[in-house]
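Novice: Please read through the structure below; I'll follow up with questions.
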Amino acid sequence: MTQMEVRGLMFDPYTNAYIVILRDDGNTEMLPIWVGKPEAHAISRAIEGTPEERPMTHDLMKTVLDTADAKVISVVVTDLKENTYYAKIHLSYGDSEYSVDSRPSDAIALALRAQAPIFVTDEVLQKQSTEQFDRWLENLKPEDFGKYEA
Amino acid sequence: MDNDLVKLMVQGVWADANPNAESQVVLLQDEDKSATLPIWVGIAEGTAIRLAVEGIAPPRPLSHDLLRNLTEHLGLKVSKVVVTDLKSNTYFASIYLSSPQSEVTIDSRPSDAIALALRTRSPIYATREVLSKQPPETVDPWLKRLHSKESGGTA
Numbered sequence: 748m749t750q751m752e753v754r755g756l757m758f759d760p761y762t763n764a765y766i767v768i769l770r771d772d773g774n775t776e777m778l779p780i781w782v783g784k785p786e787a788h789a790i791s792r793a794i795e796g797t798p799e800e801r802p803m804t805h806d807l808m809k810t811v812l813d814t815a816d817a818k819v820i821s822v823v824v825t826d827l828k829e830n831t832y833y834a835k836i837h838l839s840y841g842d843s844e845y846s847v848d849s850r851p852s853d854a855i856a857l858a859l860r861a862q863a864p865i866f867v868t869d870e871v872l873q874k875q876s877t878e879q880f881d882r883w884l885e886n887l888k889p890e891d892f893g894k895y896e897a
Numbered sequence: 035m036d037n038d039l040v041k042l043m044v045q046g047v048w049a050d051a052n053p054n055a056e057s058q059v060v061l062l063q064d065e066d067k068s069a070t071l072p073i074w075v076g077i078a079e080g081t082a083i084r085l086a087v088e089g090i091a092p093p094r095p096l097s098h099d100l101l102r103n104l105t106e107h108l109g110l111k112v113s114k115v116v117v118t119d120l121k122s123n124t125y126f127a128s129i130y131l132s133s134p135q136s137e138v139t140i141d142s143r144p145s146d147a148i149a150l151a152l153r154t155r156s157p158i159y160a161t162r163e164v165l166s167k168q169p170p171e172t173v174d175p176w177l178k179r180l181h182s183k184e185s186g187g188t189a
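Residue numbers (this note's numbering), protein chains in the order written: chain A, 748 to 897; chain B, 35 to 189.
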């Protein structure tokens with residue numbers, strides 16, 4: 748497993764979705780994950796640290812965890828099957844630990860709010876098809892950079 | 035049951051009358067259809083509510099499915115959700131969570147509270163105060179749409 752950080756959030760006009768860019772500390776590994784607009788918004792608000800007037804969905808998740816004195820130990824992007832990424836949220840609660848199935852977007856949005864580390868398994872890093880990302884990079888204009896930088 | 039609360043059911047999720055609006059409208063009514071509460075929600079929250087109303091289970095857990103799963107893993111039960119207030123066009127809600135030890139109330143947007151209540155089969159209430167605070171001009175057009183049934187409750 749490699750610990751990764753959210754390094755950026757970009758808009759992909761080809762799929763009309765957003766891309767969360769995860770990178771490791773040494774910049775040797777990168778994982779782009781395509782997410783929907785509301786999830787991208789949830790992630791960007793956590794990166795920017797902008798407080799919302801009202802609790803958003805992932806803030807509510809964090810409040811529910813706090814209510815039960817549960818802690819997010821880590822989130823892990825565990826698998827990639829047919830272009831879908833899978834993640835697990837590892838929780839400690841009382842004397843036990845639980846793993847909850849999640850989309851990576853929700854897991855990342857929650858991890859950022861809980862200040863929990865984000866990991867990606869070696870299998871996923873090897874499996875990832877960068878084809879889509881390469882094509883998107885080829886079409887990228889210089890002015891697109893910086894707009895969504897974390 | 036608390037006399038200040040009215041139990042409501044989700045009648046459906048409608049597109050906003052303004053086609054450019056990035057919001058949808060969740061319509062709630064009490065059992066004898068004497069109280070109606072339209073609540074404007076984001077598209078993601080509207081979709082989360084509509085899927086639950088229609089009983090559609092998405093292949094991967096959406097945010098509110100995850101919220102329900104977290105709640106269940108932690109042994110918490112959603113005893114009810116209540117739309118509690120309306121201040122400067124913003125509705126406020128509370129989620130009542132009970133554990134074997136205690137009951138706590140957490141602050142929520144009504145959209146999240148309703149999306150969670152539908153997934154945990156928990157009752158949805160509004161305070162009489164909220165229902166009476168609504169200006170008639172926000173309710174009447176939706177009553178008409180409900181009666182005409184032309185939109186069929188889908189966004």
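In this text, a Cβ means the ideal position worked out from N, Cα and C, and glycines have one as well.
In chain B, what lies closer than 9 Å to A:Arg801 by C-beta?
Specialist: Here residue 801 of chain A is taken as the residue at index 54 of the first sequence, counted from 1. Thr124, Phe126, Asp141, Ser142 and Arg143, listed in chain order.
Novice: Can you give me the start and stop residues for the beta strand (DSSP E) that B:Lys111 sits inside?
Specialist: By 1-based counting over the second sequence, the position of residue 111 of chain B is 77. B:Lys111 -> beta strand (DSSP E) spans Lys111 to Lys121.
Novice: Could you check how far apart the C-beta atoms of B:Ala127 and B:Ser113 are, in whole angstroms? I think they sit under 8 Å.
Specialist: Taking the first residue of the second sequence as position 1, residue 127 of chain B is located at position 93. Taking the first residue of the second sequence as position 1, residue 113 of chain B is located at position 79. At roughly 14 Å, the Cβ-Cβ gap does not stay under 8 Å, so B:Ala127 and B:Ser113 are not in contact.
Novice: Strictly under 7 Å for the Cβ-Cβ distance: is B:Leu177 near chain A by that measure?
Specialist: By 1-based counting over the second sequence, the position of residue 177 of chain B is 143. False, the Cβ-Cβ gap to chain A never drops below 7 Å.
Novice: For a minimum of 3 consecutive residues, which ranges assigned as the beta strand (DSSP E) are wholly contained in the region 143 to 175 of chain B?
Specialist: Here the runs fully enclosed are 158 to 161.
Novice: B:Pro95 touches chain A at which residues, Cβ-Cβ below 7 Å?
Specialist: In the second sequence, residue 95 of chain B corresponds to position 61, counting from 1. Those within 7 Å of B:Pro95 in chain A are Asp848, Ser849 and Arg850.
Novice: Sorted by chain position, which residues of the same chain lie with C-beta nearer than 6 Å to A:Thr762's C-beta, five sequence neighbours on each side aside?
Specialist: Walking along the first sequence from the start, residue 762 of chain A turns up at place 15. Counting only Cβ-Cβ distances below 6 Å, and skipping sequence neighbours, we find nothing.
Novice: Could you tell me which residues DSSP puts in a beta bridge with A:Asp771?
Specialist: In the first sequence, the residue the question calls residue 771 of chain A occupies position 24. BP columns for A:Asp771 point to A:Met751.
Novice: If you compare alpha carbons, which of B:Val173, B:Leu71, B:Leu110 and B:Glu163 is closest to B:Ser133?
Specialist: Along the second sequence, one-based indexing puts residue 133 of chain B at 99. Taking only the C-alpha atoms, the option nearest B:Ser133 is B:Leu110.
Novice: What residue does the beta strand (DSSP E) around B:Arg90 start on, and which one ends it?
Specialist: Indexing the second sequence from 1 puts residue 90 of chain B at position 56. Position check: residue 90 of chain B holds Ile in this sequence, whereas Arg was assumed. Segment: none, B:Ile90 is in no beta strand (DSSP E) and carries neither H nor E.
Novice: Can you tell me whether A:Lys835 is buried or exposed? The criterion is at least 16 other CB atoms within 10 Å of its CB, across all chains shown.
Specialist: The residue given as residue 835 of chain A occupies position 88 in the first sequence. Buried is the call here.
Novice: Between A:Tyr845 and chain B, is the shortest Cβ-Cβ distance under 7 Å, so that the two count as touching?
Specialist: Walking along the first sequence from the start, residue 845 of chain A turns up at place 98. Closer than 7 Å to some Cβ of chain B, the Cβ of A:Tyr845 qualifies, so yes.
Novice: What residues are listed by DSSP as bridge partners for B:Val47?
Specialist: Taking the first residue of the second sequence as 1, we reach residue 47 of chain B at position 13. According to DSSP, B:Val47 bridges with B:Val60.
Novice: Taking the alpha carbon of A:Thr775 as the reference point, which residue from A:Thr825, A:Thr749 and A:Thr797 has its own alpha carbon closest?
Specialist: As a working mapping, residue 775 of chain A is identified with position 28 in the first sequence. Of the candidates A:Thr825, A:Thr749 and A:Thr797, the one whose C-alpha sits nearest the C-alpha of A:Thr775 is A:Thr749.
Novice: Helix, strand or coil, according to DSSP, for A:Glu800 in the structure here?
Specialist: Along the first sequence, one-based indexing puts residue 800 of chain A at 53. Coil at A:Glu800, not helix or strand.
Novice: Please state whether DSSP places A:Pro864 in a helix, a strand or coil.
Specialist: Along the first sequence, read from residue 1 onward, the residue named residue 864 of chain A stands at position 117. Here A:Pro864 sits in coil by DSSP.
Novice: What residues of chain A sit near B:Gly76, judged by a beta carbon separation below 8 Å?
Specialist: Counted from its first residue, the second sequence places residue 76 of chain B at position 42. Result: Pro785.
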